[in-house]
């Protein structure tokens, strides 16, 4: 008997660990009907906040389990026998994350500073974002030569910003602004 | 050993089952489903006894189109007839007999504890493969106790918020009653009593909160309560289904119950909304006899099969329907 907060993604979506893609999708559709669209079945049981919380977790579970790479890592994570059902959840120490103002220009060292403030290691960020450590390091150290084309970097920045609980759009815009300001220039 | 355990022990060894059909709210089709499921079962060659346990409001005989002349359940409960088997009435359906509650006087709705236990004890002396208890509406202790002595507890629900709310209340009441049976410590009993009140001062809202609280007081009892939750697997039938949404409700209820109560509800089937049902009811004839090929009768046949095979609606059903 587990509280819904302690269910792993499979338990949460009520599917076996070997569930097929279509089974996950079907389960997700039911979850949507039940918790997002507030089916009659939830009547008199859950509060608004609980419904929102269940739905948010189920949505995340669905995103992870329908992504080949993320599902693989998640299965490895589960097999490691961690007590937490949710590897992408920030550790309790860093919660609640105090809002941090994102400056006009975002430098690599600013991101590093925030990461350390959030008590996250590069490994942890890499595990939760699925962005390779080499790229995270290249962003923090502003080693543009080591980075792929801009469109990819935007994606990495978005995930990284989310992991740091920063406004993702501001981070992307700020970082691009920073590196397009001389003496930097984008290396294709 | 309580009479409930005694009865369950005997039944398990005798390889036969008691099904109880309840659901909290009136008008959700408990009597209709009891009668018609019994017919569906009897037709498969099983020996079936229907018991009208809706004490004080019995009308299963009317649903089956029987007029009852002989002694009824209340004659047994009040000791006018010594053996329960003497109040069995045969029906026109082979293998199906009925213990009717017809013409009961009203105070029978609240039998004394000893009377109830006598009934539960004598049920085991009857000769049957399946015995179906048609329970009354509400969550009175009498009703809950019949539900809890059964091997299979079935809840009927309509796709309406009021009906759903009552089913949840029924589920909650029945496992809190189960909890109380395994707890002796008066302090823990008191916590359970308080937890049943939604607005309790202990801040206990869900069964999870209750078990957490009890575990703090006594981890062993906390574990016992968890076992009670694991072994409680009520089954749900959604009646009067008019749309795919209504049909999916059973799956949503199953999910909600596991997340809120931590219990596994089984969704064993639904019954289509069907004019044949009221036609049969108006005629005082069982649907399965009068309109065996009506959509509702086909649904009931499917439910009977699921119950016999101990299966529930599979998720694929929703995916491909």
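Residue numbers (the numbering used here), protein chains in the order written: chain C, 153 to 340; chain P, 94 to 414.
Ideal Cβ positions, reconstructed from N, Cα and C, are used throughout, including at glycine.
Predicted, not measured: the structure shown is a model, and the values here were computed from it.
Length of the line joining the Cα atoms of residue 150 of chain P and residue 194 of chain P = 8 Å
Starting from the C-beta of residue 387 of chain P, find all residues in its chain whose C-beta is less than 7 Å away, skip the five residues before and the five after it, and write them out in chain order.
-> 367, 369, 380
Tell me which same chain residues have a C-beta within less than 6 Å of the C-beta of residue 288 of chain P, skipping the five on either side of it?
-> 297, 303
May I ask which residues mark the beginning and end of the beta strand (DSSP E) holding residue 223 of chain P?
-> 223-228
In the region 250-283 of chain P, which residues sit with their C-beta less than 7 Å from some C-beta in chain C, listed in chain order?
-> 252, 254, 257, 258, 261
From residue 233 of chain P to residue 116 of chain P, what does the alpha carbon distance come to, in whole angstroms?
-> 12 Å
Give the DSSP bridge partners of residue 112 of chain P, in chain order.
-> P:225, P:245
So, does the CB of residue 289 of chain P fall closer than 7 Å to a CB anywhere in chain C?
-> no
Spell out whether any CB of chain C is found under 7 Å from the CB atom of residue 348 of chain P.
-> yes
If I'm right that residue 139 of chain P touches residue 188 of chain P with Cβ under 8 Å, what's the distance once you round it to whole angstroms?
-> 6 Å
Scan the region 166-219 of chain P and note each continuous alpha helix (DSSP H) run of 4 residues or more that stays entirely inside, going in chain order.
-> 166-170, 206-216
Residue of P:359, P:352, P:355, P:164 minimising C-alpha distance to residue 343 of chain P = P:359
Looking at chain C, which residues of the region 311-323 of chain P have a Cβ within less than 8 Å of any of its Cβ atoms?
-> 319, 322, 323
Taking DSSP as the reference, what is the three-state secondary structure of residue 328 of chain P?
-> strand
What does residue 276 of chain P pair with, by DSSP beta-bridge criteria?
-> Note: residue 276 of chain P sits in no beta bridge, so no partner.
For the beta strand (DSSP E) containing residue 359 of chain P, list its first residue and its last residue.
-> 359-365
Could you give the C-beta distance for residue 393 of chain P and residue 129 of chain P, rounded to a whole number, given that I count them as a contact under 8 Å?
-> 5 Å
DSSP on residue 305 of chain P, reduced to helix/strand/coil?
-> helix
Check each residue of the region 394-412 of chain P: if its Cβ is closer than 9 Å to any Cβ of chain C, include it; give the result in chain order.
-> 408, 409, 411, 412
Length of the line joining the Cα atoms of residue 279 of chain C and residue 175 of chain C = 26 Å
Shorter than 7 Å from the beta carbon of residue 328 of chain C to some beta carbon of chain P?
-> no
Buried or exposed: residue 445 of chain P, going by 16 or more other Cβ atoms within 10 Å of its Cβ?
-> Because chain P in this structure spans residues 94 to 414, residue 445 of chain P falls outside the shown range and cannot be described.
Chain-order list of residues whose beta-carbon lies under 8 Å from that of residue 312 of chain C (same chain, five-residue window excluded) | 263, 277, 281, 283, 288, 291, 323
7 Å Cβ cut-off: residues of chain C touching residue 352 of chain P = 156, 206
Take residue 239 of chain P and list the residues in its own chain whose beta-carbon comes closer than 7 Å to its own, dropping the five residues that flank it on each side.
-> 113, 146, 226, 228
Whether residue 327 of chain C touches residue 258 of chain C by CB criterion (7 Å) = yes
Is residue 333 of chain P helix, strand or coil by DSSP?
-> strand
Which of helix, strand or coil does DSSP assign to residue 254 of chain C?
-> coil
Please determine if the region 201-212 of chain C and the region 272-283 of chain P are in contact, where contact requires at least 3 C-beta pairs separated by less than 8 Å.
-> no
Taking Cβ positions only, does residue 340 of chain C come closer than 7 Å to chain P?
-> For residue 340 of chain C, the predicted structure reports a pLDDT of 43, less than 50, and the residue's modelled location is therefore unreliable. A value from the coordinates is still provided. Taking Cβ atoms only, chain P never reaches closer than 7 Å to residue 340 of chain C, which makes this a no.
Determine the contact status of residue 351 of chain P and residue 158 of chain P, defining contact as a CB-CB distance below 7 Å.
-> no
Any idea if residue 275 of chain C is buried or exposed, counting beta-carbon neighbours within 10 angstroms, 16 or more meaning buried?
-> exposed
Could you tell me how far apart the beta carbons of residue 356 of chain P and residue 325 of chain P are, in whole angstroms, since I believe they sit closer than 8 Å?
-> 5 Å
Please go through the region 120-148 of chain P and give each complete alpha helix (DSSP H) segment of 4 or more residues, from N-terminal end onward.
-> 123-136
Quick one: grab the DSSP three-state call for residue 313 of chain P.
-> helix
DSSP bridge partner residues for residue 250 of chain P (one or two, in chain order) = P:331
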